[in-house]
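Engineer:
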Amino acid sequence: MEQEKRMAGDYEVYQALPIGRVEVVLGIDITNTEKPYLVCYCSQNNLFGIDQYYGAERYADYLVAMQEFTKLLQWEIEKLQTERTTITEPMPPIQPDQCLPIKSDDDLGGRIVVTRLDWLRPEFRTADHQLIWVTGGFGASGNSRGRAVYAETLYSGDEYRYNREDLMGFLKPEHTPTWAAEKLAQRQAEQAPSKPRPRGEAR
2 MEQEKRMAGD
12 YEVYQALPIG
22 RVEVVLGIDI
32 TNTEKPYLVC
42 YCSQNNLFGI
52 DQYYGAERYA
62 DYLVAMQEFT
72 KLLQWEIEKL
82 QTERTTITEP
92 MPPIQPDQCL
102 PIKSDDDLGG
112 RIVVTRLDWL
122 RPEFRTADHQ
132 LIWVTGGFGA
142 SGNSRGRAVY
152 AETLYSGDEY
162 RYNREDLMGF
172 LKPEHTPTWA
182 AEKLAQRQAE
192 QAPSKPRPRG
202 EAR
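The sequence shown lines up with residues 2 to 204 when you count with my numbering.
#1: Distance, Cα to Cα, R1 vs T179?
#2: Give the DSSP-derived three-state secondary structure of L132 in the structure shown.
#3: As an exercise, report each continuous beta strand (DSSP E) stretch of at least 3 residues that is fully enclosed by the segment 157-182, in chain order.
#4: Measure the C-alpha to C-alpha separation of E175 and A57 and round it to an integer number of angstroms.
#5: Nearest to Y38 by alpha carbon, out of T32, G28, M8?
#6: Taking the alpha carbon of E77 as the point to measure from, which residue in Y156, C43, I103 has its own alpha carbon closest?
#7: Considering Cα atoms alone, identify which of Q82, D129, K36 is closest to V65.
#8: Where does G84 sit, in a helix, a strand or coil, going by DSSP?
#9: So is Q131 buried or exposed if we call it buried at 16+ other beta carbons inside 10 Å?
#10: Give me, in chain order, the residues of the same chain whose beta-carbon lies closer than 7 Å to that of E191; leave out the 5 immediate sequence neighbours on both sides.
#11: With DSSP collapsed to three states, give me the class of R146.
#12: Report the residue from E24, A152, K72, E90 whose alpha carbon sits nearest the alpha carbon of N164.
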């Protein structure tokens with residue numbers, strides 16, 4: 002069976018290189034006689050995990066389009082390098098033997114879990130991207146038929162959608178980094194219900 006073509010509007014995706022949190026895409030529409038080449042970004046970080054194309058520019062010349070394609074790649078690399086300079090402590094990747102497995106009846110909501118290394122792109126295979134705080138999704142419930150799990154990275158607070166099978170386990174306490182314990186304590190303090198004021202206390 003012929004594989005379905007990946008399309009960005011009227012343009013067939015010719016090259017799509019993942020880098021950072023996006024893909025840089027080059028598309029071709031051979032029926033477009035004026036500007037047959039498209040360069041844009043694609044992201045799948047949304048509720049349904051579907052392709053979202055944006056920042057599109059169209060070109061008449063293939064080499065000009067390729068120059069723009071490589072320029073966008075370089076910009077994303079530079080953004081990642083800048084981001085890494087802000088992390089001042091080691092972030093070695095978390096391995097399977099440092100985790101307790103997730104059971105089918107485990108509820109994940111409000112808990113810290115670890116993503117599988119092979120789910121992450123190579124540039125993100127470090128502990129600051131693996132440790133996530135689960136906020137919801139049908140897949141977060143125990144014995145659920147759903148798969149979607151919504152979470153925030155513990156280190157940065159960035160929001161992502163995962164599938165339950167993308168999660169490796171619960172980090173064993175003895176392997177919890179100091180920064181993670183501090184972030185967790187901060188998160189729990191923020192979510193703790195405020196104490197009611199005694200009756201008669203001034204507002």
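We treat Cβ as the ideally placed atom computed from N, Cα and C, and that holds for glycine.
Computed from a prediction, not measured in an experiment: that's the story for all the values here.
Structural biologist: This is what the structure holds:
#1: Missing from the structure shown is residue 1; the chain here goes from 2 to 204 and no further.
#2: strand
#3: 160-164, 168-172
#4: 47 Å
#5: G28
#6: C43
#7: K36
#8: It should be noted that the sequence gives Glu, not Gly, for residue 84. It is helical.
#9: buried
#10: none
#11: coil
#12: A152
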